[in-house]
Each structure stands twice: as structure tokens, then as C-alpha cells.
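Data first, discussion second: the structure below is written as C-alpha cells.
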Amino acid sequence: MQTSSDSFGVKRILQISGPVFISLMAQNIIGITDTAFMAHLGEVELGGAGMATLVYFCIYTLGHSLGTGTQIIVARRYGAGQHDGIGRVLSQSFIMLVVSAVILALLGGWIAAPLFDTILSSKALSAVATEYMDIRVWGYLFAFISVVFRAFYLGIARTKVLTYNAFVMAIINIFLDYALIFGHFGLPAMGVRGAALASVIAEAGSLLFYLTYTKYKVDKPTYGMTFKAMRVIDLTLMRTTLRLSVYLMLQALISLSVWTVFFILIEKLGERAMAIASIVRSFYILIHVSTSAYGTSVSTAVSSLIGANQSERIHKSLRTVAGVSLMTTVSICAIIMMFPEHFLRIFTDDARLISETIPSLWVICIAMTISSVGNIYFIAVSATGATSKALSIEMATIIGYLIYSLIVTLWAQAPVHICYTVEIFYYALVGWLSYRFISTEKWRDAKWSQLT
């Protein structure tokens, strides 16, 4: 990537974001497949496994955020031409992530039962969530290590690798979901536990792919990925990575934790409301894929442009990414809302459930349209190195999100689609605050940078 001459126009953005979009889409097909299979087992299984998955990803954000911090540093060094220093960045993150994964895997299974018994009012949902989580936690051992490889390939804008990896993961997961949940091909019918085991094995397959690809396709000496360079424990670099990542960790953990609280509040409205919310969540994540993919190009572009001393190009790049992101999201939403019943039949044949879910789909499409622009600027805040500012924006917004959620669920006991309007509020406020910070160029102030 020649950051000294590239302006990160539409073509370059699509080169970076396209493979990420495809990889995220493949990963979300896994989530949709899981949800569809769980829906066919029953509404309790759907809601319980859905809640366990939320908790799993709340914890996973700790590793993912450390990976995002690593990606920012890798992209900064890549943009500055310091390629041989990338390996050491990766090795320090690897050490921290492996230790974290072991601790979380051991603790996760131990606290699952008391956690779900406390936060869920339905004992049936709690039992299913615990059953799923007892197996799912072992996925951290593989997923956290994969985060290091993902940070490397994103940081150097070699994103096609993510597409290959996602397809490997999707094929393994979908096949094993079908085989282990329902008991096909001579395998036992494990139900919810089968879904969890399929996901863990898929994550192991994902890691194996990264290891194999990196061994044979990457010029490791160029990036300082040699045993001699990577065996050194660099506490200073660890502190730099953690200082950058800790705000991302807190931001993501708080955001997903409050989102989990939102679903806990929805569960208080009944198992039918929880079933609707779980189905809509799959569409939410699916539509959000494009924004996440373009957000990846934002992180790489902004970090690389700053590293190459071309920060004057940031505003133009952000406007371009935001425009492409908006058009993509509107197109996806239009397709879904032209044929909502057909898409919902993937999850259920219950005509009443389909009818009650459609209004929530409309609300989510509006929220995702706002997110397609607002989230681009929010990601840009962290990409400049101002991760503490991103956290402060998240905190300010999340307080309003939580108050709004409490009002529409516990006080008003509103229909699910009214409850989901909280997402419109959230993305509108996050986008506005982030745009103000970027447009006024306050990120140039040294007090905001966790890289200085």
C-alpha cells in the first residue's frame, strides 16, 4: 500500500473493505444459521442461546479491542514504512491475548450458571443459556489468538485473507451445526450443546487456517515475524498497546454490556418478545456488516495517513467512506423491506410471529441507515489515537441509551419495535458527537493521543 500517493478513494476503500465485507457476511451467516436452527428447536432454545451468545461476545470484545489497538499500531508503522517492527507488536499482543483467553475460558464456565440465574427471570431460558455457555467458553482459546492474525492482515490492508478464513469458518460451522444439533451423519443429536460445540470447532479451524496461510504466504522477515525478533518481551510496547486498547476495551465492553441489559429488559416482557428481539438481532448484525467493513478501511486509512504525515487527506477519505457506506446500507435495507416475510421465514413459519416482527425490522433499518454514517466517524475517533475520547463519547451516549431502554421496557412496557427505537437515538447521538470531534480537528491535540 503506497500511502504516500494513494488518496483512499472509492476504489481503494472497496479494495480494503470488500474482502472484509465478504468475510463478515460469511461470519454472520453463521450467526443467522445458529439462530434459524435454534428457532426450529423452540422459542426457549432461541432466546436462551441468544442470550448466552450476547454474554460470550461481551467478553470477547476484550480480546477484539486489544486486536483493534494492535491493528492501529500496525497500520501506523506500515504507513511510516517501519515494516520490520510489526512482528514485535504482534508478539506482545499474542502473549497478552493467550493469557487472557486461558483465564476467561476457565472462569467463564464456572460463573455461567449463577450469572444466568441472576439476570434471567425465566428458569427455562437460564438453563438453556448455561448449557450453551459451558461449551462455548472454550472458543476463547482459539478466537483470541486469531485476533492477532486479523490485526496483522487488517493493519497491512491485506484483507482478502479474512475472506478465505471466513469461508473456512462458515463451512465448518454450518455443517457441524446441522450435524450436531439434529444428529445427522452418525453424530449425536446434542441440541443447544451441539450449536456451541460447532462454533468452538469452527474457531479452531479458523486459527488453523491463519497459521497455515501465514506460514506459506507471508514474507515473515519483511515484517519482523522471526523467532529472534518475536521472542523478546517488550514491556514498553505492551504498555503502549494496552494504553491504546484499554479505552477500546472499556468502550466495547460497556456498549455490549448495556446492549445485553437491553435484551434482559426485553426478556421481562415475555418469551414471545424475546423471540422477536432475537430474530431482529440477526438482521441488525447482518445489516451492520457493511458499516463494520467500511469502518475497517477507516481504521487502516486514518492510521496510515497519519503515519505517512498526510493527515490533511483524512476529511476527504471519511466523506468518501461515509457516502459509500450509506448507499450500501440503504440498498441492503431496501431489499429486506421489500420482502420481509420471505426473509423472516428463514427463522420461523409462525405467521403471527412474522407479523409481529416486521415493525421492528423497519425500526432497525432506520437505525442502521443512521449508523452507516455516524459509526464511520466514531471509528475514526479511535483511529486517530484518541481512544479515550471515543470512550467518553460512548459513555455519554450509553447513559442516555440505558435510561431510554428502562423507560420503554419497564415503565411503558412498549411493543418490541418501540423498544428498538433506542438504537435510532444511540447512533444519531454517537454520530453527531464524533463528527464534531473530527471536523474541529481536536484529535490533533496531544492530550487525546494514546500513542504519544
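Quick note: the sequence shown uses the working numbering, first residue 1112, plus one each step.
All C-beta atoms in this analysis are idealised placements derived from N, C-alpha and C, irrespective of residue type, glycine included.
It should be emphasised that the depicted structure is a prediction, and the values quoted were computed from it without experimental measurement.
Distance between residue j and residue i (C-alpha atoms, nearest Å)
i       : j       : result
ASP1117 : ILE1490 : Caution applies to ASP1117, whose pLDDT of 48 falls short of 50 and renders its modelled position unreliable; the value that the coordinates give is listed next. Taking the straight line joining both Cα atoms gives about 21 Å.
ALA1384 : THR1498 : 36 Å
ILE1103 : ILE1398 : Shown here, the chain extends from 1112 to 1563; a query on residue 1103 therefore has no answer.
VAL1303 : TYR1488 : 38 Å
SER1393 : ASP1460 : 17 Å
ALA1445 : MET1336 : 45 Å
ALA1163 : MET1207 : 25 Å
ALA1262 : ALA1523 : 43 Å
LYS1379 : GLU1154 : 15 Å
THR1551 : GLY1381 : 46 Å
ALA1147 : THR1351 : 42 Å
GLY1192 : GLY1198 : 14 Å
VAL1131 : HIS1528 : 30 Å
TYR1358 : LEU1502 : 6 Å
ILE1457 : ALA1525 : 26 Å
ARG1547 : ILE1535 : 19 Å
GLY1159 : LEU1236 : 5 Å
LEU1226 : SER1366 : 19 Å
GLY1219 : GLY1174 : 14 Å
LYS1553 : VAL1413 : 15 Å
TYR1275 : ARG1247 : 23 Å
SER1115 : ARG1187 : Caution applies to SER1115, whose pLDDT of 40 falls short of 50 and renders its modelled position unreliable; the model cannot decide the point.
LEU1287 : PHE1293 : 10 Å
GLY1161 : PHE1253 : 21 Å
SER1401 : GLY1485 : 13 Å
ILE1222 : SER1233 : 18 Å
MET1301 : ALA1433 : 44 Å
Exposure label - residue i; buried when at least 16 CB within 10 Å
i       : result
GLY1406 : buried
LYS1500 : buried
GLN1113 : Its pLDDT being 42, under 50, GLN1113 is placed unreliably by the model, and nothing is read from it.
GLY1266 : buried
ASP1228 : exposed
PHE1454 : buried
THR1563 : Because the pLDDT at THR1563 is just 49, under 50, the model does not fix this residue reliably, and the value given afterwards should be weighed accordingly. Exposed: under 16 other Cβ atoms inside 10 Å.
When the options are compared against residue i, the one with the closest alpha-carbon
i       : options                            : result
GLN1182 : MET1506, ALA1268, SER1366, LEU1416 : ALA1268
PHE1374 : GLY1180, SER1545, VAL1533          : VAL1533
SER1211 : SER1503, TYR1324, LEU1177          : LEU1177
TRP1370 : ALA1388, LEU1353, SER1356, TYR1358 : ALA1388
GLN1203 : THR1347, THR1402, GLY1511          : THR1347
SER1415 : THR1179, VAL1435, TYR1251, ALA1494 : ALA1494
SER1422 : GLY1190, LYS1271, SER1366          : GLY1190
ASP1071 : THR1179, ALA1223, SER1310          : Missing from the structure shown is residue 1071; the chain here goes from 1112 to 1563 and no further.
LEU1376 : VAL1519, LEU1355, SER1428          : VAL1519
ALA1216 : ASN1420, THR1179, GLY1250          : GLY1250
VAL1435 : ILE1504, SER1483, MET1301          : SER1483
VAL1213 : VAL1272, ILE1222, PHE1255          : PHE1255
8 Å Cβ shell around residue i - same chain, five flanking residues per side excluded
i       : result
THR1480 : LEU1437, THR1440, VAL1441, CYS1444
THR1508 : TYR1537, LEU1540, VAL1541, LEU1544
VAL1372 : LEU1513, SER1516
GLU1452 : ILE1465, ILE1469
VAL1200 : THR1181, ILE1184, VAL1185, ARG1188, LEU1348, THR1352
Nonlocal neighbours in the same chain, by C-beta distance under 6 Å from residue i, ignoring five residues either side
i       : result
TYR1334 : HIS1194, ILE1197, GLY1198
GLU1156 : MET1149, VAL1239, VAL1303
ALA1313 : MET1280, ILE1283, ASN1284
ILE1549 : TYR1488, ALA1491
Sequence-distant residues of the same chain with beta carbon closer than 7 Å to residue i, five excluded per side
i       : result
PHE1296 : ALA1290
LYS1331 : THR1337
ILE1477 : ILE1535
TYR1321 : SER1257, PHE1260, ASN1276
TYR1327 : none
LYS1122 : none
Chain D within 8 Å of residue i, Cβ atoms only
i       : result
VAL1272 : Among the protein chains of the structure shown there is no chain D, as only one such chain exists.
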